[in-house]
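Participant: Pasting a structure here, questions to come.
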Amino acid sequence: EITFDHTAIEPAAREAWEGADVFRVPDDAEDPMYVLAMFPYTSGNIHMGHVRNYSITDTVARFERMRGEEVLHPMGWDSFGLPAENAAERRDTDPEEWTLQCIEDMREDMTQMGFGYDWDREVRTCDPDYYRWNQWLFTRFREEGLLERKAGEINWCPDCETVLADEQVEEAGDDEVCWRCESPVEDRELNQWYLQITDYADELLDALDDLDGWPENVCEMQRNWIGRQEGTRVTLEVPDYSDVTIFTTRLDTIHGATYLALSPGHDLAQTLAAEDDDVAEYVERADGADLDETSGVATDAVAINPATGEQLPIYVADYVLDDVGTGALYAVPAHDDRDHAFAEAHDLPIRQVVEPAPDAEPDPDAIDVQEAAYTADGVLVNSGDYDGLDSASARDRLVEDLDGEWVTEYRLRDWLISRQRYWGTPIPIVDCPDCGHVSVPDEDLPVELPEFVQTTGNPLDEADEWRATTCPECGGPAERETDTMDTFVDSSWYFLRYCSPDLADAPFDTERASDWMPVDRYVGGIEHAVMHLLYARFFTKVLDDIDLLEGVREPFADLTNQGMVLLDGEKMSKSKGNVVQPTEIVEEYGADTARLFIMSAAQPEKDFDWTEEGVRSANRLLQRTYRLVRAHEDGSIATGDRDEIDAYVERELDATIATVTEEFEAFRFNHALQAVRELIALIDRYRDATDPAEETLDRALRTIVKLLGPVAPHIAEHCWDRLDGEDLLASADWPTADRPDDYEITDRLIENTRADVRDIVDVAGIEDPETIRLAIAPDWTFEAHAFAREFDGSDPMGALMGQEYMRE
Ligand code: ANZ
Ligand code: ZN
């Protein structure tokens with residue numbers, strides 16, 4: 004049996020693409036279709052997750068290119084970050100050297116996979132020509148009042164020895180851990196730079212409703228992260244102390260308040276701690292640690308409930324967060340779960356003031372707030388004049404009566420971008436004893452990283468010579484800021500740099516970027532749902548507001564999060580020792596096989612198992628295609644006159660083209676490939692069991708090769724060369740379903756069959772498809788096929804050919 008040799012075919016195809024510059028997009032392209040994969044973090048070699056991610060975008064890019072689109076499909080390197088420092092330390096090299104080596108290796112891996120990128124547009128974030136624009140943008144944001152240096156309680160990872168943004172802290176059981184190394188994070192108080200993403204909270208939230216091309220779960224994660232809440236602020240008098248303002252979403256429950264709770268960091272808590280040892284001890288214990296949800300301490304102070312005039316004991320409790328609302332709340336144990344748990348632990352009264360509406364579920368009598376809080380809205384009880392009002396109306400009235408104010412609160416915090424690490428963009432600030440924090444003037448950018456030195460803390464703190472500078476404002480001696488930027492700054496605008504990667508006087512060309520954006524198809528991991536994807540949206544909006552973009556409010560029109568490639572249902576990981584290296588598969592079977600397997604295994608969003616059988620099956624399909632093409636070329640297929648079987652096959656070709664086109668558009672590549680697989684099987688039988696018309700057979704083979712082109716580009720290119728020999732498949736036209744006239748015969752047959760069936764069903768009352776089929780045509784005839792195809796989707800003609808084939 005003849006088989007193709009991927010080690011010869013694959014490099015030859017790549018050479019042909021390169022020679023013809025197939026993937027290059029000229030700067031004067033008007034509005035190319037922008038297909039983008041999240042650029043990889045430079046960590047070694049590419050892994051199966053990368054291969055899947057990039058197989059998807061490459062398939063789309065090739066498909067759209069064949070459909071006549073100009074396609075922008077660039078690639079670059081997210082190449083700053085802590086792992087490079089760690090690796091450099093382990094291997095005793097420097098982060099730059101290590102990173103550049105990774106880039107070389109990964110680029111080589113990608114090339115081997117046949118991913119077609121416009122490498123002229125390659126972007127590397129660790130390149131001074133790139134990160135100078137991080138610095139330049141830092142200065143623009145600062146001028147706009149969107150960057151602030153402030154003291155705050157921050158998340159500190161003791162292992163990475165750096166602060167983390169809130170988005171980079173993950174929950175693991177009761178712990179909050181570092182997203183990278185999973186060490187429990189600590190609280191510290193530091194002066195840091197913050198990007199004021201909260202200024203854009205409303206737009207970031209509201210615009211999600213119009214992001215039709217985004218998966219709903221990602222929009223929901225962003226909504227939750229932003230966490231907008233409508234509520235009210237009300238001020239309570241505290242005899243002998245200053246008033247306390249609280250934030251509540253449930254003003255309707257105020258008559259049921261039985262205590263007031265302060266966060267340990269609240270001003271009044273601090274004041275009370277100074278007077279009371281027990282309070283001081285608790286406040287101290289709560290500092291930097293996450294205490295039990297029901298922990299807290301009673302104080303001697305009381306607050307006056309403005310609705311009832313009652314005295315509410317004041318507690319300091321760790322479940323009240325410093326940076327939410329006002330850091331103070333009145334507690335209603337009957338209607339809030341946390342308050343309920345706290346009240347039980349501290350023996351505080353639980354008083355019901357809301358019950359379900361009379362006609363609603365559950366029955367009011369079935370509720371016992373002593374047992375568990377009733378947290379839904381309802382109708383007020385035990386609330387004096389307000390009894391009988393529904394919760395919403397009660398809130399409206401109470402705001403007025405209690406002199407409260409409506410406020411909107413967010414969960415989203417400003418984005419802390421300072422990092423105490425070396426391998427990142429130096430923050431372009433000079434600290435002058437006289438002038439304070441002065442921005443480095445644009446003409447002095449980039450502030451380049453000094454040479455790397457091994458040390459325990461931040462190497463930039465040790466770079467004395469680099470640190471010492473003069474103040475741009477007064478010329479006096481001053482010091483450079485030694486923090487670098489969060490690498491998520493780098494990835495917040497890299498998709499714009501691809502539009503004009505070499506531009507020397509601006510981060511990107513405003514007009515071109517505005518024409519080319521937004522990205523039409525963006526594909527990457529779900530882990531970026533609230534980090535990268537939120538930051539990039541924020542950057543885009545700011546850049547548009549400061550006129551660096553024109554009318555681009557969102558960076559990514561369409562988003563797909565690819566699922567994981569598993570092995571035996573488990574995530575591949577070095578620690579489990581179950582990693583399948585893409586390079587091994589490529590060596591043994593070739594890149595096309597790996598790509599075809601990955602793309603046919605499941606829809607992009609779904610996880611799937613890597614299986615040897617799946618890989619082999621993909622390889623068999625490609626070999627089968629190759630043999631069909633070779634047999635045709637050798638003239639070993641006997642051809643004959645055109646008859647109804649040829650017409651049938653042509654009709655099948657058109658149907659498959661339509662299906663594959665539709666399924667590719669919808670990102671259901673596995674469905675598309677299933678249709679191709681069936682077509683290949685049909686054509687295989689067709690040439691074995693019949694004497695195909697030359698013209699039909701030729702069209703069939705060209706169609707198969709073209710439909711496979713986006714997914715298995717090397718072998719398809721090779722086959723195309725054998726069939727056509729003129730232009731490259733990579734830039735050939737996508738096939739179209741062009742119904743020739745004699746389809747009418749087929750159509751007429753189907754019409755007749757339909758009429759016959761209607762007669763049988765209506766007159767004889769027979770409904771079983773098999774019986775009908777036999778009634779229409781006792782043998783496997785063309786009519787029977789037409790019937791089956793139309794009415795139950797089965798493929799007897801294919802079966803017929805198969806049977807004949809078997810009989811031979
Ligand atoms: C009284 C009340 C009664 C509340 C009630 C809720 C239910 P959620 O729960 O997500 O809607 N809150 C206010 N400031 C807080 C802080 N700094 N730390 C922790 N919790 C705080 O969030 C709104 C509620 O969170 C607010 O409404 C407040 O408790 C609590 F039956 O006020 B509520
Ligand atoms: Zn100065």
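The numbering of the sequence shown is full-length UniProt numbering, which starts it at 4 and goes up by one.
Glycine included, C-beta positions come from ideal geometry on N, C-alpha and C.
(1) State yes or no: is the C-beta of V38 within less than 7 Å of the C-beta of T60?
(2) To the nearest angstrom, report how far apart D8 and K609 are at their CA atoms.
(3) For the candidate residues D202, G638, F345 and W426, whose alpha-carbon lies nearest to that of A334?
(4) Can you tell me the Cα-Cα spacing of D406 and R398, whole angstroms?
(5) Here's a check: name, in chain order, each residue in its chain whose Cβ is nearer than 7 Å to the Cβ of A560, leaving out the five neighbours to either side.
(6) Given that a residue counts as buried once 16 or more other Cβ atoms are within 10 Å of its Cβ, and exposed if not, what is L324?
(7) Can you tell me whether residue 826 is helix, strand or coil according to DSSP?
(8) Express the C-alpha separation of A40 and R424 in angstroms, rounding to a whole number.
(9) Report the option in H258, I370, P14 and R93 whose CA atom is closest to the CA atom of G387.
(10) Closest to A703 by CA distance: which of V714, H721, A715 and L726 is it?
(11) For Y197 and V356, I'd like the C-alpha separation in whole angstroms.
(12) Could you check whether the Cβ of T248 sits closer than 6 Å to any heavy atom belonging to the ligand ANZ?
(13) Under DSSP, the alpha helix (DSSP H) around I353 begins and ends at which residues?
(14) Go ahead and label Q232 buried or exposed: buried means 16 or more other beta carbons lie within 10 angstroms of its beta carbon, across all protein chains shown.
(15) Can you tell me whether I432 is helix, strand or coil according to DSSP?
(16) Measure how close the beta-carbons of Y497 and G79 come, nearest whole angstrom, since I'm counting them as under 8 Å.
(17) Any chance the region 692-702 sits against the region 650-661, with 3 or more Cβ pairs inside 8 Å?
(18) In the DSSP assignment, find the unbroken beta strand (DSSP E) run with Y197 in it and report its ends.
(19) Would P316 count as contacting chain D if we go by Cβ distances under 7 Å?
(20) Write down every uninterrupted run of the alpha helix (DSSP H) in the region 120-193 whose length is 4 residues or greater and which is fully enclosed by it, in chain order.
(21) Along the alpha helix (DSSP H) that carries F667, what are the first and last residues, could you check?
(22) Tell me, please, which residues DSSP counts as bridged to R236.
(23) Would you check whether the ligand ANZ has a heavy atom nearer than 6 Å to the C-beta of H338?
(24) Quick one: what's got a C-beta closer than 6 Å to E67's C-beta in the same chain, skipping five residues either side?
(25) Where does the unbroken beta strand (DSSP E) through L332 begin, and where does it stop?
(26) If you measure from the CB of V323, is any heavy atom of the ligand ANZ nearer than 6 Å?
(27) So, helix, strand or coil for H338, using DSSP?
(28) Hey, could you find the ends of the alpha helix (DSSP H) D280 is sitting in?
(29) Just the C-alpha distance for T114 and E754, rounded to the nearest angstrom, thanks.
(30) Verify the contact flag: V327, CB atom, against every heavy atom of the ligand ANZ, threshold strictly below 6 Å.
(31) Report the rounded CA-to-CA distance for R191 versus D290, giving the unit in angstroms.
(32) Is I221 close to the ligand ANZ? I mean its beta-carbon at under 6 Å from any heavy atom of the ligand.
(33) Can you tell me whether Q457 is buried or exposed? The criterion is at least 16 other CB atoms within 10 Å of its CB, across all chains shown.
(34) Considering only the beta carbon of each residue, do V450 and P429 sit closer than 7 Å?
(35) Taking buried to mean at least 16 other C-beta atoms within 10 Å of its own C-beta, is A5 buried or exposed?
(36) Whose CA, out of G176, S494, P359 and D350, lies closest to the CA of S82?
Facilitator: In short:
(1) Along the sequence shown, read from residue 1 onward, the residue named residue 38 stands at position 35. Along the sequence shown, read from residue 1 onward, the residue named residue 60 stands at position 57. Yes.
(2) Position 5 of the sequence shown, counting from 1, holds the residue named residue 8. Position 606 of the sequence shown, counting from 1, holds the residue named residue 609. Roughly 32 Å between the two C-alpha positions.
(3) Taking the first residue of the sequence shown as 1, we reach residue 334 at position 331. When each option's Cα is compared against that of A334, the closest is F345.
(4) What you label residue 406 is simply residue 403 of the sequence shown in a count that begins at 1. What you label residue 398 is simply residue 395 of the sequence shown in a count that begins at 1. Whole-angstrom Cα-Cα distance: 12 Å.
(5) Against the sequence shown, residue 560 aligns to sequence position 557. If we look at A560 and ignore the five residues flanking it on each side, its Cβ neighbours are G216, P521, V522 and D523.
(6) For the purposes of this step, residue 324 is identified with residue 321 of the sequence shown, where counting begins at 1. Per the 10 Å Cβ criterion, exposed.
(7) As displayed, the chain neither begins before 4 nor continues past 811, which places residue 826 out of reach and without an answer.
(8) Here residue 424 refers to the residue found at position 421 of the sequence shown. Here residue 40 refers to the residue found at position 37 of the sequence shown. Cα to Cα, R424 sits roughly 27 Å from A40.
(9) In the sequence shown, the residue the question calls residue 387 occupies position 384. It is H258 whose Cα lies nearest to the Cα of G387.
(10) The residue given as residue 703 occupies position 700 in the sequence shown. If we check each option's Cα against that of A703, L726 comes out closest.
(11) Here the question's residue 197 lines up with position 194 in the sequence shown. Here the question's residue 356 lines up with position 353 in the sequence shown. Taking the straight line joining both Cα atoms gives about 42 Å.
(12) In the sequence shown, the residue the question calls residue 248 occupies position 245. No, the Cβ of T248 stays beyond 6 Å of every heavy atom of the ligand ANZ.
(13) Here residue 353 refers to the residue found at position 350 of the sequence shown. Where I353 is concerned, there is no enclosing alpha helix (DSSP H), given that its DSSP letter is neither H nor E.
(14) Taking the first residue of the sequence shown as 1, we reach residue 232 at position 229. Exposed is the call here.
(15) The residue given as residue 432 occupies position 429 in the sequence shown. Reduced to three states, the DSSP call for I432 is strand.
(16) As a working note, residue 497 is residue 494 in the sequence shown. As a working note, residue 79 is residue 76 in the sequence shown. So it is a contact: roughly 6 Å between Cβ atoms.
(17) yes
(18) Working through the sequence shown from its first residue, we reach residue 197 at position 194. It spans E189 to L198 - the beta strand (DSSP E) in which Y197 sits, taken as one unbroken run.
(19) The structure shown contains no chain D, having only a single protein chain.
(20) 131-146
(21) Against the sequence shown, residue 667 aligns to sequence position 664. Element bounds for F667: E647 to E668.
(22) Reading the sequence shown from its first residue, position 233 is the one you call residue 236. According to DSSP, R236 bridges with F250 and E408.
(23) What you label residue 338 is simply residue 335 of the sequence shown in a count that begins at 1. True, at least one ligand heavy atom lies under 6 Å from that Cβ.
(24) Residue 67 sits at position 64 when you count from the first residue of the sequence shown. Here the set comprises M36 and V74.
(25) What you label residue 332 is simply residue 329 of the sequence shown in a count that begins at 1. Unbroken beta strand (DSSP E) run through L332: A331 to A334.
(26) Translated into the one-based positions of the sequence shown, residue 323 becomes position 320. Correct: V323 has its Cβ closer than 6 Å to the ligand ANZ.
(27) On the sequence shown, residue 338 is found 335 positions in, with the first residue counted as 1. Note: H338 maps to coil in three-state DSSP.
(28) For the purposes of this step, residue 280 is identified with residue 277 of the sequence shown, where counting begins at 1. From DSSP, the alpha helix (DSSP H) with D280 extends over D280 to A289.
(29) The residue you call residue 114 lines up with position 111 of the sequence shown. The residue you call residue 754 lines up with position 751 of the sequence shown. Using only the alpha carbons, I get a separation of about 51 Å.
(30) In the sequence shown, the residue the question calls residue 327 occupies position 324. Under cutoff, so the answer is yes.
(31) For the purposes of this step, residue 191 is identified with residue 188 of the sequence shown, where counting begins at 1. For the purposes of this step, residue 290 is identified with residue 287 of the sequence shown, where counting begins at 1. Rounded to whole angstroms, R191 to D290 spans 9 Å at the Cα level.
(32) Locating residue 221 in the sequence shown gives position 218, counting from the first residue. Residue 221 is actually Val in this sequence, not Ile. For the ligand ANZ, not one heavy atom lies less than 6 Å from the Cβ of V221.
(33) Start at 1 with the first residue of the sequence shown, and residue 457 comes out as number 454. It is exposed - the Cβ of Q457 has fewer than 16 other Cβ atoms within 10 Å.
(34) By 1-based counting over the sequence shown, the position of residue 450 is 447. By 1-based counting over the sequence shown, the position of residue 429 is 426. Cβ atoms of V450 and P429: closer than 7 Å.
(35) Residue 5 sits at position 2 when you count from the first residue of the sequence shown. Residue identity check: residue 5 is Ile in the sequence provided, not Ala. I5 is exposed by the Cβ-count criterion.
(36) The residue you call residue 82 lines up with position 79 of the sequence shown. Minimum Cα distance to S82 is reached at S494.
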